[in-house]
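S.K.: Pasting a structure here, questions to come.
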Amino acid sequence: MLTRRFLLASPTLLAAPALAQSDQRPVMTIAVQKIANTNTLETLREQSNVGSRTWNSYAETLIDQSWTGDLSLRPGLAESWRRIDDRTLELTLRQGVLFHDGRTMTAEDVAFTFSAERMGWNLTVEQARNLFGSVPGQTQGRTPPPEALAVARRTFPGLERIEIVDARTIRFHNRVPDVTLEGRISRNVAMVLSRDAFEKAGSWLDWARRPVGTGPFRVVEFRPDHSLVLDAFDDYWGGRPPVRRLRFLEVPEVSSRINALLSGEADFACDIPPDQIATVERSPRHHVVGGPIMNHRLTVFDKNHPHLRDARIRRAFTHSIDRDAIVQALWGNRAPVPKGLQFEFYGPMYQADWSAPRFDPAEARRLLREAGYRGEPIPYRLLNGYYTNQVPTAQILVEGWRAVGLNVVIEMRENFPQVLSREGQRGVRDWSGSASFNDPVSSIVAAHGPQGQQWQINEWRNEEFGRLSEALETGTDPAERRRTFRRMLEIAEREDPAYTVLHQSVNLTAKRRDLGWAPGQSFQMDFRSRNFAS
Amino acid sequence: MIRFLGSRLLRAAVTIVMVVTFAFVVLRLSGDPAQIIMGADAPPEAVEAFRAAWGLDQPVWIQYFHYFGAILQGDLGRSMRDGRDAIVLVAERIPATLALTLPALAIKVGLGIPAGITAALHRNSFIDRAVMMLAVAGFTVPSFVLGLLLVLVFAVQLGWLPSGGQDSWRHAILPIITLGIGGAAVLARFTRSAMLEVLGQPYIRTASAKGVPWRAVVWGHALPNAAIPTVTIVGFMVGSLIAGAVVVESVFSWPGVGRLLVVAVANRDLAVVQCVLLLVAMTMVTSNLIVDLLYGLLDPRLRNQPRRAAGMA
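Line by line, the protein sequences are chains A and W.
As numbered in the UniProt record's numbering, residues 1 to 534 make up the first sequence, in order.
As numbered in the UniProt record's numbering, residues 1 to 313 make up the second sequence, in order.
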């Protein structure tokens, strides 16, 4: 029945669709292989390459990193920062920043982000030590799952407390000197989240699937294993987003992702292998963008294998890899061969005169002879395509190793836990190493140091390297840190190889040619207005 | 009839128990779910705590009896990855899968059976050869190839239909056709063979010799007798309604039971995999039971010869 109240309200009701129609901004669909490995959006749990793609659309850190520019650190939710001393960093918070729930970001929210409530500092070390992946459904209330503490400790190993100086100013106090604290604060784990929204969430899982941040887009719907819908947050401090809605759609098959793009269903298709570039670019309306990112593909060794125990055999592996052939054959020379596990954006820490082990089959044969290796099988646990071109790369590697006399046997596995499993004999495997900020602490220490995965699963340890890791983390003298890093490279890549670099990773994204969007030098995708050409 | 029905129900129950047992054993042989879900980095005490929490530290036979006892009480377990009840996760996906498989079943039956009958009635003619050529092509092309081909033509080249996703009814068209064509081809082959066999029987010749119109011979004598193998195949198709679209759902990014099963198997999410397999088994067994009953309706002789019917199934 029509009532007077209804009729009075009707102009508003009629205006609502009109307002919606007036929003001419496009809806963009991004076809991705996977949205989140853990089916959560909380970066304390989702520490994956695929998760990197979405988090910066719904949340932000105090210090931002210019992934689409010069890779420098730049103001994020903090307008500025200054060093008080080598253990203390003071940040001035940006004013007028709103969370997606409409609340203004406060210093208390920042403190909450690094608190025990979110990061689980109060969990026992036994519960959480070096735990990768667990079951969110097992947590009680809003208690984070155990790996939250493991990830938090790895990211902020020396963090003592956050001090709220005043409404605009906070200080990070570290127990030990740390010249990389600014870089650590730029990592996704440090995304600032709404304390109020956290407290209102029914459970940790509810929270982790709908975190409330300050990013240019807010989470509207997350359907695990299927899609993530983000709507523009028009009160975003950095300006109105140019896209009305972002839809991340999970399309596991490469060909289906490309078809989605070519048919107009998707505006972006991610994780495109180089051999599909021509297919995409046959369409005049589409092209492939992207290039090297701050990630290297590696082959890593298990030092406990009876034959790999001898460093000479591992060194033979490193000298029988024709990196240039891999890059040329599989990447069309788009992937550079790096100078070891380091990146140029390390600045003064970058060792320009370092290099990956040279391709020298004669040297490899000599080392094998010297070690008395007689062709005993060495297992190579391999996944089918987790990394782009993974299997073809493995085939080239195995043939190269075979040519010098290394008998490497591929063993296909379904997932990483099976690759890393202590059951049976581990030998060599694939991995990749990222640098999340501009210091080797973010890569060589994080992955291979005492808190790193290789060390923790007892795949590779070296006491001197362990001591140097700590020295690099807490050292403050630039020249001494540079020498330390150099020595770590010598140990992990030459003397007692933990890994060997293959090539820098390349991230290729197919997209509509008319979209003036720029790819970054990481897996992150930036949909803020600043990343679209006007 | 009661004895016939009773023996079928008993056999159905045994089949379900066997499937449940098989799924339970195979999943536990195929890798340690604790290690896979916790990750190889997890310290041994954390893995042990996980095993204790999920009862994986118990001897396998105790785990089995707990699992079986829970099933009898309607408890199909919780997802180790998600924390929610497995049946809830699966139930959420069933409508999406049925949205593909039910219309696809209609295509299979509506296209395959008439095509098979037509081919048989025009044996060795151009129509027969054309239908059989299409049928052979239909069931030899894998569904993922057919799916991609349809996408290339109707989504990429012509732009008539979406290539994937689940946003509207239009998104369902290509996956339904992909599923439907293969099944229709199988049905056409079986229907043709059955019809040809029946058409060669003496009673067909007798009916024709007696002057019964050919249409009546076909409808009254040939089709009912040729229906049994066709009904058997249709029964299998009905049985695969729940999880019969695993590949197609992946190709078309359709969030159904098939996608859930793939992800659950990869993650060794035992409860979810077991729940899907149990539902599939129950659907298949129920479908076969209905097919057995239909045998009796189609051929009264079989009501008293259940073994013969079973042999045909």
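We treat Cβ as the ideally placed atom computed from N, Cα and C, and that holds for glycine.
Distance check for A:K34 and W:N267, CA to CA, integer angstroms please.
M.R.: Within the second sequence, numbered from 1, the residue matching residue 267 of chain W stands at position 267. Within the first sequence, numbered from 1, the residue matching residue 34 of chain A stands at position 34. Between W:N267 and A:K34, the C-alpha separation is close to 14 Å.
S.K.: Does W:S7 have its Cβ less than 8 Å from a Cβ in chain A?
M.R.: In the second sequence, residue 7 of chain W corresponds to position 7, counting from 1. By this cut-off, W:S7 is not an interface position.
S.K.: In whole angstroms, give me the CA-to-CA distance for A:T318 and W:P142.
M.R.: Against the first sequence, residue 318 of chain A aligns to sequence position 318. Against the second sequence, residue 142 of chain W aligns to sequence position 142. About 42 Å.
S.K.: Of all Cβ atoms in chain W, is any one closer than 8 Å to the Cβ of A:P136?
M.R.: Along the first sequence, one-based indexing puts residue 136 of chain A at 136. Per-residue confidence for A:P136 stands at a pLDDT of 41, beneath the threshold of 50, marking its modelled position as unreliable; no derived number is given.
S.K.: Quick one: is the Cβ of A:R314 within less than 7 Å of any heavy atom of the ligand FAD?
M.R.: Because no ligand of any kind appears in the structure shown, any question about the ligand FAD cannot be addressed here.
S.K.: If I measure Cβ to Cβ from W:L111 and keep anything under 6 Å in the same chain, skipping five residues before and after, which residues do I get?
M.R.: Indexing the second sequence from 1 puts residue 111 of chain W at position 111. Correct list, in chain order: A184.
S.K.: Can you tell me whether W:Y295 is buried or exposed? The criterion is at least 16 other CB atoms within 10 Å of its CB, across all chains shown.
M.R.: Position 295 of the second sequence, counting from 1, holds the residue named residue 295 of chain W. It counts as buried.
S.K.: Give me, in chain order, the residues of the same chain whose beta-carbon lies closer than 6 Å to that of residue 596 of chain A; leave out the 5 immediate sequence neighbours on both sides.
M.R.: One cannot answer for residue 596 of chain A here, as it falls past the ends of chain A, which runs 1 to 534.
S.K.: Find the nearest neighbour of A:P284 within the set A:L261, A:D271 and A:P157, judged by alpha-carbon distance.
M.R.: Working through the first sequence from its first residue, we reach residue 284 of chain A at position 284. It is A:L261 whose Cα lies nearest to the Cα of A:P284.
S.K.: At the 8 Å Cβ level, is A:R223 part of the contact set with chain W, yes or no?
M.R.: In the first sequence, the residue the question calls residue 223 of chain A occupies position 223. It does; some Cβ of chain W falls within 8 Å.
S.K.: Against chain W, does A:L262 count as a neighbour if the rule is that its beta carbon must be under 8 Å from one of theirs?
M.R.: Position 262 of the first sequence holds residue 262 of chain A. It does; some Cβ of chain W falls within 8 Å.
S.K.: A:G466 and A:P450: beta carbons closer than 8 Å?
M.R.: Residue numbering aside, residue 466 of chain A sits at position 466 when the first sequence is read from its first letter. Residue numbering aside, residue 450 of chain A sits at position 450 when the first sequence is read from its first letter. Going by C-beta atoms, A:G466 is nearer than 8 Å to A:P450.
S.K.: Based on the DSSP secondary-structure assignment, which residues constitute the bridge partners of A:L246?
M.R.: The residue labelled residue 246 of chain A in the question sits at position 246 within the first sequence. According to DSSP, A:L246 bridges with A:M28 and A:L230.
S.K.: With a threshold of 8 Å between beta-carbons, can W:V251 be considered close to chain A, or not?
M.R.: Reading the second sequence from its first residue, position 251 is the one you call residue 251 of chain W. Closer than 8 Å: yes.
S.K.: Quick check: what's the CA-CA separation for A:M525 versus A:A232?
M.R.: As a working mapping, residue 525 of chain A is identified with position 525 in the first sequence. As a working mapping, residue 232 of chain A is identified with position 232 in the first sequence. About 15 Å.
S.K.: Taking a Cβ distance cut-off of 8 Å, strictly less, list which residues of the stretch 244 to 274 of chain W are near chain A, in chain order.
M.R.: Result list: S250, V251, F252, S253, P255, R259, L260, V263, A266 and N267.
S.K.: Do A:A111 and A:L91 have their beta-carbon atoms positioned less than 8 Å apart in this structure?
M.R.: Counting from one through the first sequence, the residue named residue 91 of chain A turns up at place 91. Counting from one through the first sequence, the residue named residue 111 of chain A turns up at place 111. Cβ distance not < 8 Å, so A:L91 and A:A111 don't count as in contact.
S.K.: If we define contact as Cβ-Cβ less than 8 Å, is A:H448 a contact residue for chain W?
M.R.: Position 448 of the first sequence holds residue 448 of chain A. No, because no Cβ of chain W sits closer than 8 Å to the Cβ of A:H448.
S.K.: Between the stretch 249 to 261 of chain A and chain W, which residues of the former have CB atoms less than 7 Å from a CB of the latter, in chain order?
M.R.: Those residues of the stretch 249 to 261 of chain A that come within reach of chain W (Cβ to Cβ, closer than 7 Å) are L249, E250, V251, P252, E253, S255, S256, N259 and A260.
S.K.: Hey, out of W:V285, W:T283, W:V291 and W:Q274, whose CA is closest to W:R78's CA?
M.R.: Stepping through the second sequence from its first residue, residue 78 of chain W is reached at position 78. Of the listed residues, the one whose Cα sits closest to W:R78 is W:Q274.
S.K.: DSSP three-state call for A:A36: helix, strand or coil?
M.R.: As a working note, residue 36 of chain A is residue 36 in the first sequence. In the structure shown, A:A36 sits in coil (DSSP, three-state: anything other than H, G, I, E or B).
S.K.: Kindly list the residues whose CB is nearer than 7 Å to the CB of A:R218, restricted to its own chain and excluding five residues on each side of it in sequence; keep chain order.
M.R.: Residue numbering aside, residue 218 of chain A sits at position 218 when the first sequence is read from its first letter. Around A:R218: Y58, H100, L230, D231 and F233.
S.K.: Check whether chain A comes within 8 Å of W:D82, counting only Cβ atoms and requiring the distance to be less than that.
M.R.: Here residue 82 of chain W refers to the residue found at position 82 when the second sequence is read from its first residue. Judged by the 8 Å Cβ criterion, W:D82 is in contact with chain A.
S.K.: Evaluate residue 337 of chain W with the Cβ neighbour count: other Cβ atoms within 10 Å of its Cβ, from every protein chain shown; 16 or more gives buried, anything less gives exposed.
M.R.: This structure leaves residue 337 of chain W out entirely; chain W is present only between 1 and 313.
S.K.: At what residues does the alpha helix (DSSP H) containing W:I16 begin and finish?
M.R.: Residue numbering aside, residue 16 of chain W sits at position 16 when the second sequence is read from its first letter. That run of the alpha helix (DSSP H) goes I2 to L29.
S.K.: Output yes if chain A places a C-beta closer than 8 Å to the C-beta of W:V285; else output no.
M.R.: On the second sequence, position 285 is the one that residue 285 of chain W refers to. By this cut-off, W:V285 is not an interface position.
S.K.: Count Cβ pairs between the stretch 166 to 175 of chain A and the stretch 36 to 50 of chain A that sit closer than 8 Å; are there 3 or more?
M.R.: The stretch 166 to 175 of chain A vs the stretch 36 to 50 of chain A: no contact.
S.K.: Does the structure place the stretch 83 to 102 of chain W close enough to the stretch 236 to 246 of chain W that three or more beta carbon pairs sit under 8 Å?
M.R.: Counting Cβ pairs under 8 Å, three or more are found: they touch.
S.K.: Using 8 Å as the Cβ pair cut-off and three pairs as the minimum, do the stretch 157 to 175 of chain W and the stretch 190 to 206 of chain W touch?
M.R.: The stretch 157 to 175 of chain W, when compared against the stretch 190 to 206 of chain W, does not touch it at the 8 Å Cβ threshold.
S.K.: Check whether the stretch 332 to 350 of chain A and the stretch 414 to 426 of chain A are in contact - that is, three or more C-beta pairs closer than 8 Å.
M.R.: No contact exists between the stretch 332 to 350 of chain A and the stretch 414 to 426 of chain A.
S.K.: Looking only at its own chain, which residues have a Cβ that is under 7 Å from the Cβ of W:A96, when we skip the five neighbours before and after it?
M.R.: For the purposes of this step, residue 96 of chain W is identified with residue 96 of the second sequence, where counting begins at 1. Here the set comprises Q166, W254, P255 and G256.
S.K.: Checking the sheet assignment: what are the DSSP bridge partners for A:W431?
M.R.: For the purposes of this step, residue 431 of chain A is taken as residue 431 along the first sequence, with counting starting at 1. DSSP output for A:W431 lists A:L298 as bridge partner(s).
S.K.: Which stretch, first to last residue, makes up the alpha helix (DSSP H) that contains A:D324?
M.R.: Within the first sequence, residue 324 of chain A is the residue found at index 324, counting from 1. First-last of the alpha helix (DSSP H) with A:D324: R323 to W331.
S.K.: Measure the alpha-carbon distance for A:S522 versus A:S505 and round it to whole angstroms.
M.R.: One-based indexing of the first sequence puts residue 522 of chain A at position 522. One-based indexing of the first sequence puts residue 505 of chain A at position 505. So the alpha carbons of these two residues sit roughly 9 Å apart.
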